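Peer 1: Here it is, the structure in full.
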Amino acid sequence: MNRVYNFSAGPSMLPMPVLERAQSELICYGESGMSVMEMSHRSPDYEKIIADAEANLRTLMNIPDNYKVLFLQGGASTQFSAIPLNLINLKPAKKALYAVSGQFSGKAYKEAQKMGFNAKCIATTKDDNFDHIPTITRDMVDQDASYLHICFNNTIYGTKYSYIPDTGDVPLVADLSSCIISEPIDVSKFGVIYAGAQKNMAPAGLTLVIVREDLLGYADETVPTMLDWKVMADNGSMYNTPPCYAIYMAGLVYEWINSIGGLDVMKEMNVKKANVLYDYLDSQSYYKAPVKEGSRSMMNVTFVTGDADLDKKFASEAAKAGLKNLKGHRSVGGMRASIYNAMPYDGVVALVEFMKKFAEENPKA
1370 MNRVYNFSAG
1380 PSMLPMPVLE
1390 RAQSELICYG
1400 ESGMSVMEMS
1410 HRSPDYEKII
1420 ADAEANLRTL
1430 MNIPDNYKVL
1440 FLQGGASTQF
1450 SAIPLNLINL
1460 KPAKKALYAV
1470 SGQFSGKAYK
1480 EAQKMGFNAK
1490 CIATTKDDNF
1500 DHIPTITRDM
1510 VDQDASYLHI
1520 CFNNTIYGTK
1530 YSYIPDTGDV
1540 PLVADLSSCI
1550 ISEPIDVSKF
1560 GVIYAGAQKN
1570 MAPAGLTLVI
1580 VREDLLGYAD
1590 ETVPTMLDWK
1600 VMADNGSMYN
1610 TPPCYAIYMA
1620 GLVYEWINSI
1630 GGLDVMKEMN
1640 VKKANVLYDY
1650 LDSQSYYKAP
1660 VKEGSRSMMN
1670 VTFVTGDADL
1680 DKKFASEAAK
1690 AGLKNLKGHR
1700 SVGGMRASIY
1710 NAMPYDGVVA
1720 LVEFMKKFAE
1730 ENPKA
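Residues 1370 to 1734 (this note's numbering) make up the sequence shown, in order.
Below you can see the structure in the form of structure tokens.
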């Protein structure tokens, strides 16, 4: 087996025990005589698969009973539209607030504006190239707003909120695509949590939405049915054929994390990995970590040499050494190591050793 260390920002690595389990069940799931990919979503076998996936996620994230779990399609980007369509009518002012801390929160904000909603940006770090998370205090949050939207972890820039903003009576909506199930989080502090699955949970194609029940039912009757959360909740995520196999894979991931001790253990593993990389970056001067301390992501670590040609050479030679997909996003340049849940500790150690070797063999002018 010629497995590499895949540092892709997504789709990303999946845990080996999950892949092996899926491999063993690929052709025939249980006694069904068929693959999950061939199975009717209305069959008893599949109904148990999706029910178990939700139950394992609820246990994993300690999701309160008054929250609905939705397994949807369309990617997290579709939720940029679904969020205002479902929530804007919560309060008479029909106002939406956004904090822009990177590309995806910026896209969410622009989508709300594009759709003609009264959207207001209350905080951004754009002028600093998003090298830190903005400070949001309760007095900044207009209490007549229907919601405040944030992106909790910024995949491209390698930043993460170290706190949950106090929004008063305004529901907090958070995109957790690149940090979900990486550590414990108090779901009750949020009105809505949503995430694309392809970074920490499953193959691409599944989008998770966790929504507090009292926030359902505010979509206008003109809202497309497939974007109406209440319709999806009332139909148990199966108004139409859901992304069956991706949900099955997510369920295996939830089950695996629960089996190793849950999110407390997952956080310990992720902190240990991130510390190895950040400790090295802080100990030398060849590479620079552009993100300010206090805003650093455990999941996405960005760094640069300061020389575009060296950065390009680094990514190329790292790939040849079995360290794949380290090229940084064009908005930042340099390198980006996405060290999601499935990235083993040894993979991060191997990266640091390569970084040391590369610095020795490629001195700067």
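Ideal placement from N, C-alpha and C gives every residue a C-beta, glycine not left out.
On a predicted model such as this, the values are computed, not experimentally measured, just so you know.
Just how far apart, CA to CA, sit LEU1632 and ASP1513?
Peer 2: Approximately 35 angstroms, taken between the alpha carbons.
Peer 1: When the Cα atoms are used, what is the spatial distance from ILE1550 to ASN1569?
Peer 2: One C-alpha to the other measures close to 7 angstroms.
Peer 1: Near CYS1413, what residues of its chain come up, given a Cβ to Cβ distance below 7 angstroms and the 5 sequence neighbours on each side ignored?
Peer 2: In the sequence on display, residue 1413 carries Pro and not Cys. So the list is empty, once near-sequence residues are dropped.
Peer 1: Is it right to say ASP1680 is buried, meaning 16 or more other beta carbons lie within 10 angstroms of its own, or is it exposed?
Peer 2: Under this definition ASP1680 is a buried residue.
Peer 1: In whole angstroms, give me the CA-to-CA distance for SER1652 and ILE1554.
Peer 2: So the alpha carbons of these two residues sit roughly 31 angstroms apart.
Peer 1: Can you have a look at LEU1454 and say buried or exposed, based on whether 16 or more other CB atoms are within 10 angstroms of its CB?
Peer 2: Counting Cβ neighbours within 10 Å, LEU1454 comes out buried, since at least 16 surround it.
Peer 1: Report the option in LYS1483, GLY1560, GLY1630, ASN1609 whose CA atom is closest to the CA atom of GLU1770.
Peer 2: Only positions 1370 to 1734 of the chain appear in this structure, which leaves residue 1770 out of reach.
Peer 1: Here's the rule I'm using: 16 or more other beta-carbon atoms within 10 Å means buried, otherwise exposed. How should GLN1567 be labelled?
Peer 2: Burial call: buried.
Peer 1: Taking only the alpha-carbon atoms, compute the straight-line gap between PHE1723 and LYS1641 and give it to the nearest angstrom.
Peer 2: Whole-angstrom Cα-Cα distance: 18 angstroms.
Peer 1: Taking the straight line between their C-alpha atoms, what separation do you get for ILE1579 and LYS1725?
Peer 2: Cα-Cα distance, rounded: 42 angstroms.
Peer 1: Contact between the region 1466-1486 and the region 1598-1615 is defined here as three or more beta-carbon pairs at a separation below 8 angstroms; is this criterion met?
Peer 2: The region 1466-1486, when compared against the region 1598-1615, does not touch it at the 8 angstroms Cβ threshold.
Peer 1: So the candidates are VAL1542, ASP1538, THR1494, ASN1431; which of them puts its Cα closest to the Cα of ALA1477?
Peer 2: The candidate whose alpha carbon is nearest that of ALA1477 is VAL1542.
Peer 1: Looking only at C-alpha atoms, which of ASN1431, MET1635, GLU1730, GLY1702 sits nearest to SER1557?
Peer 2: For the residues ASN1431, MET1635, GLU1730, GLY1702, the minimum Cα distance to SER1557 belongs to ASN1431.
Peer 1: Where in the region 1478-1530 do unbroken runs of the beta strand (DSSP E), each at least 3 residues long, occur, reported from the N-terminal end onward?
Peer 2: Those beta strand (DSSP E) runs which fall completely within the region 1478-1530 and span 3+ residues are 1487-1493, 1516-1520.
Peer 1: Assuming ALA1391 contacts MET1595 under a Cβ cut-off of 8 angstroms, what Cβ separation, rounded to an integer in Å, is found between them?
Peer 2: Rounded, the Cβ-Cβ distance is 28 angstroms, inconsistent with contact.
Peer 1: According to DSSP, what are the bridge partners of SER1707?
Peer 2: Bridge partners of SER1707: ASN1669.
Peer 1: Taking C-alpha atoms, which residue in LEU1429, ALA1488, ASP1715 lies nearest to LEU1621?
Peer 2: Cα-wise, what sits closest to LEU1621 is LEU1429.
Peer 1: Under the three-state reduction of DSSP, which class applies to ALA1424: helix, strand or coil?
Peer 2: Residue state, collapsed to three classes: helix.
Peer 1: Report all residues from its chain with a CB closer than 6 angstroms to the CB of ALA1658; omit the five preceding and five following residues, and keep chain order.
Peer 2: Result list for ALA1658: LEU1650, PHE1672, in chain order.
Peer 1: With distances taken from CA atoms, which of MET1667, PRO1572, PHE1440, LEU1466 is nearest ASN1609?
Peer 2: When only C-alpha atoms are compared, the closest one is PHE1440.
Peer 1: Would you mind stating whether SER1737 and ALA1588 have Cβ atoms separated by less than 8 angstroms?
Peer 2: Here the chain has residues from 1370 to 1734 only, and residue 1737 is not among them.
Peer 1: Drop a sphere of 10 angstroms on the beta-carbon of ILE1505, count the other beta-carbons inside from all chains shown, and report buried for 16 or more, exposed for fewer.
Peer 2: So ILE1505 counts as buried.
Peer 1: I want to see whether chain C comes within less than 8 angstroms of ASP1513, judged by CB atoms only; does it?
Peer 2: Considering every chain present, this structure includes no chain C. It has just one protein chain.
Peer 1: For GLN1442, which residues in the same chain have their Cβ closer than 6 angstroms to its Cβ, ignoring the five residues on either side in sequence?
Peer 2: Cβ within range, chain order: PRO1612.
Peer 1: Could you spell out where the alpha helix (DSSP H) holding ARG1390 opens and where it closes?
Peer 2: Unbroken alpha helix (DSSP H) run through ARG1390: 1385-1393.
Peer 1: Ordered along the chain, which non-local residues of its own chain (more than five positions away) have a Cβ less than 6 angstroms from that of GLY1379?
Peer 2: Excluding sequence neighbours, GLY1379 sits near GLN1567, LYS1568.
Peer 1: Mind reading off the beta-carbon distance from LYS1529 to ARG1705? Whole number of angstroms is fine, and I expect it under 8 angstroms.
Peer 2: At roughly 14 angstroms, the Cβ-Cβ gap does not stay under 8 angstroms, so LYS1529 and ARG1705 are not in contact.
Peer 1: Measuring CB to CB, does ALA1465 end up less than 8 angstroms from TYR1516?
Peer 2: Yes, the pair counts as a contact, with Cβ atoms nearer than the cut-off.
Peer 1: Thinking C-beta only, is TYR1374 closer than 8 angstroms to GLY1691?
Peer 2: Against a cut-off of 8 angstroms, the Cβ pair of TYR1374 and GLY1691 comes out as a contact.
Peer 1: Leaving out five residues on either side along the sequence, give the residues of the same chain with a beta carbon under 6 angstroms from the beta carbon of TYR1415.
Peer 2: Excluding positions up to five away in sequence, the list reads MET1408.
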